[in-house]
Amino acid sequence: MTLAANVSGAAGVTHQVLNQAEPAHGWNAFSDDKLLVAIADRYAPWAKEKAARLGTYAGDEATQELARLANKHTPELRTHDRFGNRLDWVDLHPAWHELMALAFGHEVHSLAWTAGQPGAHVARGLLSYVWNQIEHGVGCPTGMTYAAFPGLAQPEFATWREKVLSTRYDKRPLPYRQKTGATIGYAMTEKQGGSDLRQTQTTARFLEDTKDGRVYLLAGHKWFFSVPQSDGFFTLAQTRAGVTCFFVPGFLPDGARNSLRIQRLKDKCGNRSNASSEVEYHDTLAWLVGEEGHGIREILSHAHLTRLDFAIGSAGLMRQALTLALNHAQTRRSFGLVLAEQPMMTNILADLAIDSEASTLMAFRVARATDAMQSDEEQRRIARVATPLAKFWNCKRAPAFVVEALECHGGNGFIEENPMARLYREAPLNAIWEGTSNMMCMDVLRAMRKDPRVTEAFMAEVGRSRGADRHLDRWLDRLGSDIARPRNDDGHGRRLCNAMAYALQAGELREHSAPEVFETFCRSRLQGDWGYVFGTLDSAPELKEIVARATVLRR
Ligand SMILES: Cc1cc2nc3c(=O)[nH]c(=O)nc-3n(C[C@H](O)[C@H](O)[C@H](O)COP(=O)(O)OP(=O)(O)OC[C@H]3O[C@@H](n4cnc5c(N)ncnc54)[C@H](O)[C@@H]3O)c2cc1C
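Sequential numbering from 0 applies to the sequence shown in numbering that gives the first Met the number 0.
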């Protein structure tokens, strides 16, 4: 053997690749998920085929690669063309466009409005839940376009409505009438404060009445504006009557670009495939939506749907993290056993599975109330309070959940090649946009203060589970007196919302889950037989059953 052969490694291999986990391919995020199928069976059976078709993409290797590429090759801002003309456009990687075509092609943005079947928001929720296990950046335009549809009710927006419902995504920068489909964004947040929209500085000046609506010119800025390449977007500006809602088209009626200056793109911690920008309005054309001075109320009516979508989205994200953690732990061995069978790991996985089911069921409870609220006053009250509640709780649970799922992967979870790193950076976002956690809790308190029947509807809803578990009964007793206690301020907001969320989740688990999941939830979350981190359940044989129930990738 020569020295050269030894140095080149030809003398022999250094090691074999052994005991690495199997890649998480070949599962269906809908059909393989017992809980999701049960929800669909009961509330929107007609949507099962659609959900199953989309579900295959979550486990599809090529689609997973698209998600990786779209997040690695992030959007680039082009302010000008090479001749110095303003462009204000964003270049996106082809993988982004493929994912957009996939999501819009599978009706993730539109099914609730086109189905004409009972359970349309549940059905659309199934698609969103599945999509949130495919790629999260695209979940922003699908969610916003879904929420925007009812806001385009004015007769002059008829063609917009048609384009918004289209399943043919069109990436071209053209006036919306020339495109096969349109996407919609929202621009509310300004530098001085995103939560308190009453402080909006942007101003609107009335120009003229046209067949397309009442035209105003906007001057001002927005500090956060995601998907600035959208075909149109809702925004807020001050008129003499106060904060007012407007719809801004990307192009003017004569085909020229509207005057929207993209200042820069945000360099974000997560959600990196999706462009988020800072913009300025320089006499930007906008159409009045609703009445002057009613802008915040108008935008909040859209927010009901974006908040529902984030409650579902964070539950979907947790489900993806759980699937990946289970897959890793079930296909790697340590100390002579499959990791998932090591008792401490079983405890963690079961604990995560319980949280995942509870979050999923709470989100779909809101979707059901949203479906029913047009004709059922009681459901409207439940939707009113449970939407911010579920948005608060699910989005807040997601980061802690994802951290634990990441650690189940050991060092591999922390490496960018593994999707867990992306999920980790994504997880905190849903708690921030569309109203932060504190805003959600304030909204829950506001809803109950404003109309005591909202509190009654909520307590009646959770009270349906009385008698099923003694820990739950005690929890409901305490919640009843806490909710009724007069307060001087909202310092108790998170504490009360936590208690309300657990009550709602327990009721949903009793109704839809396995007895061992419901009982372990009540013992740990309600009785307090639990610690401050996942994996602190009391060891019991049923933990294995809970893990088996949550397993979607069977080998
Ligand atoms: C990636 C990303 C994309 C975004 N995209 C968009 C977009 O497309 N369109 C858009 O309009 N916005 C967008 N936003 C902005 C987002 O909606 C705001 O950041 C959010 O609403 C919070 O506003 P703020 O950042 O001004 O924080 P602030 O309002 O200053 O709040 C800061 C903190 O104070 C808390 N707080 C505020 N008031 C109170 C109070 N009274 N009591 C207790 N706590 C309080 C909040 O909960 C928060 O924790 C985006 C944000 C991010 C991160």
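Each residue gets a CB set at the ideal place from its N, CA and C atoms; glycine is no exception. Note that the structure is a prediction, hence the values are computed from the model and not measured.
Assigned secondary structure, residue i (DSSP; H/G/I helix, E/B strand, else coil)
i	result
residue 427	coil
residue 540	coil
residue 378	helix
residue 550	coil
residue 198	helix
residue 231	strand
residue 13	coil
residue 121	helix
residue 43	coil
residue 209	strand
residue 203	strand
residue 465	coil
residue 333	strand
residue 0	Reliability of the predicted coordinates at residue 0 is poor, the pLDDT of 49 falling under 50, and no value is obtained from them.
residue 477	helix
residue 259	strand
residue 527	coil
residue 192	strand
residue 20	coil
residue 51	helix
residue 319	helix
Inter-residue Cα distance where the pair is residue i and residue j
i	j	result
residue 446	residue 136	31 Å
residue 315	residue 198	34 Å
residue 22	residue 70	19 Å
residue 171	residue 86	13 Å
residue 0	residue 11	At residue 0 the pLDDT is 49, less than 50, meaning the model places this residue with poor confidence and gives no usable figure here.
residue 288	residue 103	25 Å
residue 92	residue 272	8 Å
residue 480	residue 441	19 Å
residue 517	residue 20	31 Å
residue 169	residue 56	21 Å
residue 524	residue 429	23 Å
residue 291	residue 242	7 Å
residue 459	residue 128	28 Å
residue 475	residue 456	14 Å
residue 464	residue 259	53 Å
residue 160	residue 178	13 Å
residue 279	residue 250	16 Å
residue 547	residue 230	45 Å
residue 189	residue 432	13 Å
residue 25	residue 554	10 Å
residue 453	residue 372	13 Å
residue 451	residue 443	12 Å
residue 163	residue 117	21 Å
Start and end residues, beta strand (DSSP E) containing residue i
i	result
residue 75	75-79
residue 533	It is not in any beta strand (DSSP E) - residue 533 carries neither H nor E in the DSSP assignment.
residue 370	Note, residue 370: premise wrong, no beta strand (DSSP E); alpha helix (DSSP H) at 342-371.
residue 248	241-248
residue 88	85-90
residue 281	275-288
Extent of the continuous alpha helix (DSSP H) to which residue i belongs
i	result
residue 265	It is not in any alpha helix (DSSP H) - residue 265 carries neither H nor E in the DSSP assignment.
residue 62	60-71
residue 222	No alpha helix (DSSP H) holds residue 222; the beta strand (DSSP E) holding it covers 212-225.
residue 445	436-449
residue 515	514-520
residue 26	Where residue 26 is concerned, there is no enclosing alpha helix (DSSP H), given that its DSSP letter is neither H nor E.
residue 104	93-104
residue 511	492-511
residue 110	110-113
Contiguous beta strand (DSSP E) assignments of at least 3 residues, all confined to the region 124-190: Given a length threshold of 3 residues, each whole run of the beta strand (DSSP E) inside the region 124-190 is given here in chain order: 183-186.
The region 334-342 / the region 144-160 touching (three or more Cβ pairs under 8 Å): Result no; under three Cβ-Cβ pairs closer than 8 Å.
Cβ contact (3+ pairs, closer than 8 Å) linking the region 117-131 and the region 32-42: Touching, yes, given that three or more Cβ pairs across the two stretches are closer than 8 Å.
Contact the region 138-146 vs the region 59-74: 3+ CB pairs below 8 Å: Verdict: no, contact absent.
Contact the region 257-265 vs the region 306-314: 3+ CB pairs below 8 Å: The region 257-265 vs the region 306-314: no contact.
contact_flag[the region 214-221, the region 275-289] where n(CB pairs < 8 Å) is 3 or more: Under the 8 Å Cβ criterion, the region 214-221 counts as touching the region 275-289, having at least three qualifying pairs.
Three-pair Cβ contact test at 8 Å for the region 292-301 versus the region 383-393: Taking 8 Å as the limit for Cβ pairs, the verdict is that the region 383-393 does not touch the region 292-301.
The region 233-242 contacting the region 387-395, beta-carbon criterion three pairs below 8 Å: The region 233-242 and the region 387-395 do not touch, with fewer than 3 CB-CB distances between them shorter than 8 Å.
The region 416-423 / the region 356-366 touching (three or more Cβ pairs under 8 Å): By the Cβ test, the region 416-423 is not in contact with the region 356-366, since fewer than three Cβ pairs between them sit closer than 8 Å.
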